[in-house]
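>
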DNA sequence: CTAGAGCGCTCG
DNA sequence: GTACGAGCGCTCTAGC
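Residue numbers (the numbering used here): -7 to 928.
#1: Based on the DSSP secondary-structure assignment, which residues constitute the bridge partners of residue 929?
#2: Evaluate residue 599 with the Cβ neighbour count: other Cβ atoms within 10 Å of its Cβ, from every protein chain shown; 16 or more gives buried, anything less gives exposed.
#3: Is any heavy atom in the ligand FMN found nearer than 7 Å to the beta carbon of residue 650?
#4: Going by other Cβ atoms of all chains shown within 10 Å of its Cβ, with 16 needed for buried, is residue 677 buried or exposed?
#5: What residues in its chain sit with their C-beta under 7 Å from that of residue 314, if we drop five residues either side in the sequence?
#6: Is the stretch 346 to 360 in contact with the stretch 515 to 533, if contact means three or more CB pairs nearer than 8 Å?
#7: In this structure, does DSSP put residue 392 in helix, strand or coil?
#8: Look up residue 692 in the DSSP assignment and give the residues it is bridged to.
#9: Taking the beta strand (DSSP E) that residue 211 falls in, what are its first and last residues?
#10: In terms of residue numbering, what span does the beta strand (DSSP E) encompassing residue 815 cover?
#11: Do residue 138 and residue 59 have their C-beta atoms closer together than 8 Å?
#12: Considering only the beta carbon of each residue, do residue 321 and residue 494 sit closer than 8 Å?
#13: In whole angstroms, give me the CA-to-CA distance for residue 706 and residue 915.
#14: Relative to the alpha-carbon of residue 100, which residue among 744, 273, 361 and 401 has its alpha-carbon at the smallest distance?
#15: Buried or exposed: which applies to residue 9, given that a residue is buried once 16 or more other Cβ atoms fall within 10 Å of its Cβ?
#16: Sort 672, 337 and 743 by Cα distance to residue 642 and report the nearest one.
#17: Between the C-alpha atoms of residue 605 and residue 550, what's the straight-line distance to the nearest angstrom?
#18: Would you give the residue range spanned by the beta strand (DSSP E) that residue 373 belongs to?
#19: Over the uninterrupted beta strand (DSSP E) stretch that includes residue 131, give me the two end residues.
#20: Please return the same chain residues whose Cβ sits closer than 8 Å to the Cβ of residue 501, not counting the five positions on each side in sequence.
#21: Compare the C-alpha of residue 460 against each of 476, 442, 477 and 318 and name the closest.
#22: Looking only at its own chain, which residues have a Cβ that is under 7 Å from the Cβ of residue 410, when we skip the five neighbours before and after it?
#23: How would you write the range of the beta strand (DSSP E) that residue 347 sits in, first residue to last?
#24: How big is the Cα-Cα spacing for residue 722 and residue 712?
#25: What number of angstroms, rounded off, separates the C-alpha of residue 399 from the C-alpha of residue 344?
#26: According to DSSP, is residue 871 helix, strand or coil?
#27: Please confirm whether residue 154 and residue 135 have their CB atoms less than 8 Å apart.
#28: Check whether the Cβ atoms of residue 545 and residue 413 lie closer than 8 Å to each other.
#29: Using beta-carbon positions only, say whether residue 88 and residue 34 come within less than 8 Å of one another.
#30: Can you tell which of 719, 74 and 324 has its C-alpha closest to the C-alpha of residue 801?
#31: Let me check one thing: in DSSP terms, what residues is residue 60 bridge-paired to?
#32: Looking at residue 422 and residue 533, is the spacing between their C-beta atoms short of 8 Å?
#33: Report the residue from 580, 819, 918 and 484 whose alpha carbon sits nearest the alpha carbon of residue 700.
#34: What is the DSSP secondary structure of residue 362, reduced to helix, strand or coil?
#35: Contact between the stretch 750 to 760 and the stretch 724 to 735: three or more CB pairs below 8 Å?
#36: On a CA-only basis, which of 513, 122, 269 and 222 is nearest residue 28? Give me that one, please.
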C-alpha cells in the first residue's frame, strides 16, 4: 500500500491516550484476568473505547490519519522551568501501572499508530501534529476533553469529547473560557491550575481572567498596563506576581515544535488486522469483546481461556484429594453409564481425558479405550476394542471381547462434549490424544495440557513426562505399563491387555492428569508464565496436530534409487579401505578403525577417550587425511553410510501406507529453550550442507499441480542478539541490509568492506556464531583451527568493538546465578539449575545460559508466527507442513504461491508484535519449487 | 536376546 | 574439558 502525502482533504484524528486510560480505569470496577488475576480493567475499558471509536469513525467524516498519543516518562522540559510542575499529582494506583504498557500493545493490536516522546507530554505532541496538519491544509480532530488542549482549536482543528460525544469548536471554547482559543493560554496563565500545580495569579479564576483579557486584549498588554486596573487588590496581585504569571504562561503554552521522530504520513489509517487484534484480545481474555470484534471482522473468534483459576490452592489442599490407594476407578460398559459421566462433565465444565491405543505413532495407532476423570480420585475407563489376548492363536483372535461399548456409539456420545467450546478437555501430551480423536472424526477443543504447563513452569528443570511429574508433584508412582505389555519381541499391544488389568492403569492416568492440572493451574500465574503458556504452548497443539496429520509427500522411488547407488559406492569404498588397511574389518566400528589406524598403522595423534577407545571423529580423520589415503576414504564411506542408513533407507520406512506421506511428530516440550524437536522421523536434520546430501531433499515433493514454498528467517538469532545486547553497529547493518559477517570482519580487522576477503569474512562468521553459543577461546580455536591464543585475541578484539556483547553475557550469567533461570523477550522461563555448579559443569551452564535467551526468543518468534498462520491462511488452499527452527515449509497449488508468500511472510516478519518492540526488523527469505531442494 | 551407553553425524 | 540446541543409526557390552 503506497502512502499518500498528508495534505488538503486529509483528516487527522489525535487520541489522547492518557485520558482514555484514566477514564477507563475510573469508569470500571477493578476487573482482573480470570486465568491469573492480572488487573485488566483499564485495558478492557480502553479497548472498548477504541473499538467504539473505530466503529464510529466511518462515513464521510472518517479520518484518513489517526494516532493515539501517550505521555512518556514523568520528567519533561516543564519540570526544568518549574520543579513544582505537576508535583501534587497523586501517584499512579498500583493496579493501573502494569496496565499502561498493555494499552500501548492494545493500540498497536488495533492497527493504530501509537506515539510518545521522552521528555514531552502527550499534549505537546498533539499540538505539534495539529500545527503540522493545519499548515498542510488538512483538518484535525483531537479526541479528548482536556481543557489544556483547547488552545489548539480553530482553523480546522476541533476537539471531540468522546464520552459526551460533543464537538468543541471556537464557540465551544468561548463557552468554557470566555475567550477564543488564541487567548486561552492567557486565561490559564492567570487562573492557574491546582491539578497541574500551575501557580497563576492568586485569587483570580477563569471568569476574572477572561474579563481582564477581554478588556486589555492580551496577557502581555494586561501586565504592561497593570497599574491601570481599578480594583486595588487585583492591581497589586498582578504587579506582585508578574514573574509567576509569566512562568505560568510558559507552563500552559503547548509546544508546537516538538522534534518528532515520525511524520504525519506515518499515521495513515490502516485496516484492522485480525491477526494482530484477535490474539491480543484472546490473551487478555476479553470474552465479549473478542467475540463482538470477531463478528464485526468476519473472522473466527480465538478460544479464550475459560477456566477460572481455582482458588489459590495450597499443597495441603492438593493432599486432601483421595489417596491413590483409595481411588475409585470404574469400568464403563454401556451408554447409560457413560451418559452419567457426561452429565457430570457438563456440570463441572472440565474433564481430564486420556486415550489408550495400539501404538505410539498417532498416525497408525488404533483407538482401544478412553479414560475420563472429573473429580480427583474418581476416574473411569471405557474399553472399546479390546481383543482376546490368549496366545493360543499365534496372531491372536480378532474378535472383540464382550462387555464393551461399540466404538462408534461411545464416540457419538462423547463427541458433543469433546467438541464443546465451554468444556475444557485436559490431557497430558494432548496433541497425541487430539490426533487419535481427529482420526476418529472428533475435533477435540478447547484443551489444556499438563505437560505443557509443566514445561512453561519448569522448562530446563526436568522432563515433563507423566511418570516424572506424578512422582515429583503428587508423590505417587504410576502403575508401570511394562508388565502389561511386556517388551521386545514378545510385547503385545494394548488391545490385547485384559480389560480388568487395563482399567486401573488407564483410569489412573486420567486421575493423575487431573490432579496435576489442579496443581499447575494456579502456579502458572504465580510464576508469571500464564501468557507464555496461553500464547506459545497451548495454541501449538492444534497447529502442530494439523501439520503432522497433513504430512509431506516423499517419493519412495527416488529414495530407493539413491539407496542402491549408495550401496554400490559403499561396497567399492569398503574394498578400497580393506586393501589400504591390509585386512578386512568393520569400517562402521570406530573401535576397530581406531585400532587399525593407531595400533597397526601407527598414525600420529591417537587419543583415547573415557571408554579407552581411540577417538576417530571427523576432526581426527580430517587431520590424518592430509597425509594418508585410508582416513580420507573412511570419511567418504561415512558420508555415504550416513545418507543411506539415516535418510534414504530409514525415511522409506516412515512413508505412511494410507497417505503415501511422511508424518513427523513434533515435541513441544522437548528442548529446554522453547525450540520444537522433530521425531519419528526427524525432519529437522535432512541434509543440506553438501551437494550430495542436499539431493535427499529432491525426494520431498509437492503433489501434482502444487509447489513447496519455503520461508525462512534471515539471521534471526544474530538480529535478536543485536537487539538484546543493544549493539548499534549490528542494528544499523541489519537496517541497511549489509552482509553482517562482512561488517563484523570489517569492524574487527579494520578492513574496509570493499576489500573484504572470503577468509576474513569466514573467521568473523565463526566469531558471530561463537558469541551466540557463549564463546570460548578454546572452542573458537578448534573451530577455526587456529592457535588458542590467536582465537582469544579475536574474542578480545570483538568485545572491544562491541562492548555491549560482554555486558549482555555478564548480565545474563549474573541474572541466572541470582534467579536460577533466564528469560526470553517474550517471558519464557528457562531454568539453569547447574549455573552455580563448580568445575567443568560451570562452563557448560554459563554458555547455555547465554545462549538460551537468544535461541529461545527466536523459538518464541516462530511459534507466534505458527499460531497466527491458520487464521491468516484461512482463505488460502496452502498447507503448513514443516517447521525447521527458522524455516516454515508449505505446500500450495502453483497459482497460489505468490499470495501465500505474501501473507506468510507478513505473519512471520511481524510475529514479535505487539508483545515486543524489536529494535531490529525481521526479514524472511522465500523460495519455491517442485521439491524441497528447489524450494529452499 | 535386549537395553542402554557411547560415538558419530545430520540439522538450525 | 568447552562452543548452543536437538534425534537417530550403528556398534559394543553388560546382564537377563
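Glycine is no exception: its CB is placed at the ideal position from the N, C-alpha and C atoms. Small disclaimer: the values here were computed from a predicted structure and weren't measured.
According to the structure shown:
#1: In the structure as shown, the chain starts at -7 and stops at 928, and residue 929 therefore has no counterpart that could be examined.
#2: exposed
#3: This structure lacks the ligand FMN; in fact it carries no ligand of any kind.
#4: exposed
#5: 368 and 369
#6: no
#7: Look at residue 392 here: in three-state DSSP terms it is strand.
#8: 546
#9: Counting along the chain, residue 211 falls outside any beta strand (DSSP E), though it belongs to the alpha helix (DSSP H) covering 211 to 216.
#10: Element bounds for residue 815: 813 to 815.
#11: Not a contact, by the Cβ cut-off of 8 Å.
#12: no
#13: Residue 706 and residue 915: Cα-Cα distance of roughly 6 Å.
#14: 273
#15: buried
#16: The residue with the shortest Cα to Cα distance from residue 642 is 672.
#17: 38 Å
#18: 370 to 375
#19: Its beta strand (DSSP E) spans residues 131 to 135.
#20: Correct list, in chain order: 346, 363, 420, 458 and 470.
#21: 442
#22: 417, 429, 434 and 436
#23: 342 to 349
#24: Going from the Cα of residue 722 to the Cα of residue 712 covers about 10 Å.
#25: 19 Å
#26: strand
#27: yes
#28: no
#29: Annotated as proximal: residue 88 and residue 34, with beta-carbon spacing under 8 Å.
#30: When each option's Cα is compared against that of residue 801, the closest is 719.
#31: In DSSP, residue 60 forms a bridge with 7 and 106.
#32: yes
#33: Checking every option, the nearest Cα to that of residue 700 belongs to 918.
#34: Three-state result, residue 362: strand.
#35: yes
#36: 513
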